Amino acid sequence: MTETSATPLIELRGINKSFGPVHVLRDVDFTAYAGQVTALVGDNGAGKSTLTKCIGGIHGSDSGVYLFDGSEVTVNGPRDAAALGIEIVYQDLALCDNLDIVQNMFLGREKMSGIVLDEVTMEHLAAETLASLSVRTVKSVRQHVASLSGGQRQTVAIAKAVLWNSRVVVLDEPTAALGVAQTRQVLDLVRRLADKGLAVVLISHNLNEVFEVADRIAVLYLGQMAADVAVKDVRHNQVVELITTGRADGVPSAVRAEQASTGVEL
Amino acid sequence: MSTETQPAASSEGPVTAAAAAMTRPPSVRSYFTDYFDKVRGGDIGALPAILGLIVLGVVFGSLRSTFIGAGNFANLLTQGASIAVIAMGLVFVMLLGEIDLSAGFASGVCASVLAILLSPKHNVSLPVALAAALATGLAIGLLLGTLVARVGIPSFVVTLAAFLAFQGIVLIIVGEGGVVTINDDVIKGIANDNMAPALGWALWAVSIIAYAALLIRRAASRRAKGLTAEPIPVVAARIGALAAITGAAVFILNQERAINRNITSLKGVPYVVPLIVVLLVVLTFVLNRTSYGRHIYAVGGNAEAARRAGINVKWIRTSVFVIGSTMAAIGGIIAASRASSVDPNAGGGNTLLYAVGAAVIGGTSLFGGKGKVRDAILGAAVVAVIANGMGLLGYKSGVQFIVTGLVLLIAASVDALSRRRSAATGKI
C-alpha cells in the first residue's frame, strides 16, 4: 500500500456485500486518510455506489470490519455515520429548491431557541461555513436554491456536509453535470476540504480531475479492489487499464487472493 | 442573476468577515430592487390577489355606492370568514402538493356534530360540544392523512371518496329535509355579534404594537449578529401600512350600520375578525418559525431531500391533513354561527371550491412548496368580494359562479405561468 504512516480515518477491511445472488463487493479493503483526497474510480457496476452506501451506513455489510479513527465501529444507519462525522454528498444533491441556502444547510437539524427557529444563528453559521470554504460565488445565503447554478448547488451541498464539523466527506461525482468554470470551482473546493484536514473520498469518472486533486486512487473492478495507490505512483493509462481489466503492469494489485484472506502486498 | 457589485462597506455593528462575504449593505433602494427582481423572476406571491382586490373594490364601489358602506363591509367579512378559515387549512395540505376535496363537507360534518350536540335532544354543554366538533375534524384529518401517507392512495381519490361519504354523514346527522337550529348565544355570536368599538380599537392598538415590536426586535437581533436586516424605513413603512389599513377597517366597522337606529344599534368589529387574526398569527408562526413548518416546506419542495435529512415525511404528510380538517371544523362552526343553523347541505355547494379557489387565488401553488397562510385570507377576500359585489349589482348566481370560476382559472394560470417563469429564471 502507500507509505502513509498515520492511522487511516476510515478503514474498511474485507467488506462483502450481496444483494440476493449478486455478490457486489468481494473482500474489499478501503482506506481514507485525513487531509487527503482519496479518489474512488471504477467502471459502471464496479461497486462504487454500494461501497459508498456501506460507508454512509445506508447498507450494512454482510461481513468485514469497519474501523473509524483506528477503533472498530458499527454503522447501522445514516445517523450513526453522521454521528461519527461522515457526510455523503449524493449526485442528486438532495436540496429543496423552494428553500434558501441557510434553510437547506440546516434541514432536519435546525438550530432552535425554545420552540422557535434560531434563524440568526443559522444564517451566521452558514455564512461562516461558506466563507471558511472561500466560497465567493454566492450572492446571499438567503437566496433560494432554485436560483443557483449547478456549481453553486454543489457548493451548497458540500458546505452542508462540512457544516457539522464532519471529518469525512464522500462526494459522488460532484462535477458530473457541471461546466468548465463550475467544475474548476468545485475541484478547488474539494482540495480545500482536504487541506482543512478532512478525509475526502471523491468518486469520479473523469481521470483528469482525479489526477489533479486526488492524493490516492482506489480502483474497483467487478466488486474487488483492483488497486489502491498514490497518484504519483501511477500514470493515466495504467489507471484506465485497471478500471477496464482489473490489472495493470507495474501497479501492485490489491486484490485479495480468493483462498488466502491476507492482503497481498507486493 | 443581476449581481451588481457594491462596495463592502458595513453599515453598523460588528460585521464579521464571514458575514460580510455573504451580505450586502442594506439600503431602501436595494431592498426594492430585490423585490422587483423577485417579482420579475416569477415570485409574485400575493401580488395578483392584492391588485385584484383593488380593481374589484374600485369597480364595484363605483357601480354601487352601497358596496363600500360600513354595513356591506361587515357582511363581506362574515361571508368570507368560513371560506378563509377552511382555505387556511387547505394551504397546509396544498404546500405538500396534495389536495383535500372533502374539506367542505368535513366542515359540514363538524358543524352538524356541534349543532346536534347543542340541540335540546342531547343538550350537551358548549365546551364539550365544541371539543367534540374539533375532535371530529381532527379524527377526519387523521384518517385522510393516514390513507394518503401510509397506505399511499392519492389524496385526490381519498378525499373525493370522503367528499361523497361526508355528504352522507351530514345528511344522516341532520336528517333529510331537516334543519338543526343553534340557540347557543356564544356560537351565534361568533359571526353575528360585534365587539364594543372601544374594545376593537384596544385590540387594534395591541396588535399593531406587537407587530412593530416583533419587526424591530428581529431587525435589531440580526444587526447585532452582523447580518443584513430590513432597512429601518422599510420596517417603518410596513408597520405604518398595516396600521393604516387595519385602522381604516376598524374605523369603518365602528360606524353605526343599523338600518333603523331607533330599534337597534349595530356597530363594532365582528367577533369573527379577531378569531381569524389569531388563527392567522398562530398558523403563520407554526409555518415560518418552527422546525415543523420548515419541514412542511421541505417535504413540499423535495420529499426525497427531506427524507434524507431525517424528516419523518409520512408524519408530516399525515399532520397537514389533520390541520386541514381541523381548520375545516372551525370554518364549519363559523358558517353554522352565521346561519344560526345547520342544514343537510352544510359545507356543500361551492364551499370547498371557494376555499380551494381562495388558497390558489391568494398565491398558494397547486404544485406544492409555495404558499402562506396569509394567501388564504387574501384569496377568500377576492372570492367574497366577487360574490358580494355581483350580488349587489343584481347578477344572477349563475353569472357569479361563472365569474368566480374564471377568476380561479386566471389564478391557476398565474401560478402555472409564474412557475414557468421561475423555472426559466431560477427563482421560486
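Residue numbers (the working numbering), protein chains in the order written: chain W, 1 to 266; chain V, 1001 to 1428. For glycine and all other residues, C-beta sits at the position ideal for the given N, C-alpha and C. It should be emphasised that the depicted structure is a prediction, and the values quoted were computed from it without experimental measurement.
Problem set entry | Endpoints, the beta strand (DSSP E) within which Lys111 of chain W is located | Where Lys111 of chain W is concerned, there is no enclosing beta strand (DSSP E), given that its DSSP letter is neither H nor E.
For this session: Pull out every residue of the region 1275 to 1297 of chain V whose Cβ sits closer than 7 Å to any Cβ of chain W, in chain order.
Result: Arg1289, Thr1290, Ser1291, Arg1294, Tyr1297
Problem set entry | Beta-carbon spacing of Arg153 of chain W, Leu99 of chain W below 8 Å | no
For this session: Sort out for me which residues DSSP pairs Met298 of chain W with in a bridge.
Result: Limits of chain W in this structure are 1 at one end and 266 at the other, which puts residue 298 of chain W out of reach.
Problem set entry | Exposure of Leu95 of chain W, with buried meaning 16 or more beta-carbon neighbours within 10 Å | buried
Exercise. By Cβ distance below 6 Å, which residues in the same chain neighbour Leu1056 of chain V in space, the five residues on each side in sequence not counted?
Worked result: Val1385
Problem set entry | Minimum Cβ-Cβ distance from Gly1362 of chain V to chain W less than 8 Å | no
Problem set entry | Residues of its chain near Thr50 of chain W, where Cβ-Cβ distance is below 7 Å and the 5 sequence neighbours each way are ignored | Lys17, Val24, Leu25, His59
Exercise. Between the beta-carbon of Ala1049 of chain V and the beta-carbon of Gly1362 of chain V, is there less than 8 Å?
Worked result: yes
Problem set entry | Helix, strand or coil at Gly1394 of chain V according to DSSP, with G and I counted as helix | coil
Exercise. Which residues in the same chain have their Cβ closer than 7 Å to the Cβ of Asn1123 of chain V, if we skip the five residues on either side of it in sequence?
Worked result: none
For this session: Could you check what DSSP says for Glu11 of chain W in three-state terms: helix, strand or coil?
Result: strand
Problem set entry | Cβ pair count under 8 Å reaching 3, the region 1149 to 1156 of chain V against the region 1128 to 1137 of chain V | no
For this session: Tell me whether Gly64 of chain W sits in a helix, a strand or coil according to DSSP, three-state version.
Result: strand
For this session: With a threshold of 16 other CB atoms inside 10 Å of the CB of Arg1217 of chain V, please say whether the residue is buried or exposed.
Result: exposed
Problem set entry | Integer Cβ distance of Ala230 of chain W from Leu242 of chain W, believed to fall under 8 Å | Their Cβ separation, rounded to whole angstroms, is 14 Å, which puts Ala230 of chain W and Leu242 of chain W out of contact at 8 Å.
For this session: Have a look at V:Tyr1395, V:Ser1291, V:Phe1401 and flag the residue whose alpha-carbon is nearest the alpha-carbon of Leu1063 of chain V.
Result: V:Tyr1395
For this session: Over the uninterrupted alpha helix (DSSP H) stretch that includes Thr121 of chain W, give me the two end residues.
Result: 119 to 132
For this session: Taking Gly42 of chain W as part of the beta strand (DSSP E), name the residues at either end of that continuous run.
Result: 37 to 42
Problem set entry | Extent of the continuous alpha helix (DSSP H) run through Leu1090 of chain V | 1070 to 1095
Problem set entry | Three-way DSSP call (helix, strand, coil) for Asn16 of chain W in this model | strand
For this session: Give the interface partners of Ser1221 of chain V over in chain W, defined as CB-CB distance under 8 Å, in chain order.
Result: Val120
For this session: Consult DSSP for Ile1173 of chain V and reduce its assignment to one of helix, strand or coil.
Result: helix
Problem set entry | Reduced DSSP category for His236 of chain W - H, G, I as helix; E, B as strand; rest coil | helix
Exercise. Just reading off the beta strand (DSSP E) that Asp172 of chain W is part of, what are its end residues?
Worked result: 168 to 172
Problem set entry | Meets three-Cβ-pair contact criterion under 8 Å: the region 1100 to 1112 of chain V and the region 1339 to 1346 of chain V | yes
Exercise. What residues in the region 91 to 121 of chain W have a beta carbon less than 7 Å from any beta carbon of chain V?
Worked result: Ala94, Leu95, Cys96, Asp97, Asn98, Leu99, Gln103, Leu107, Gly108, Glu110, Met112, Ile115, Val116, Leu117, Val120
Exercise. Is the Cβ-Cβ distance between Val138 of chain W and Leu130 of chain W less than 8 Å?
Worked result: yes
Problem set entry | Buried or exposed (CB count within 10 angstroms, at least 16 for buried), His1295 of chain V | buried
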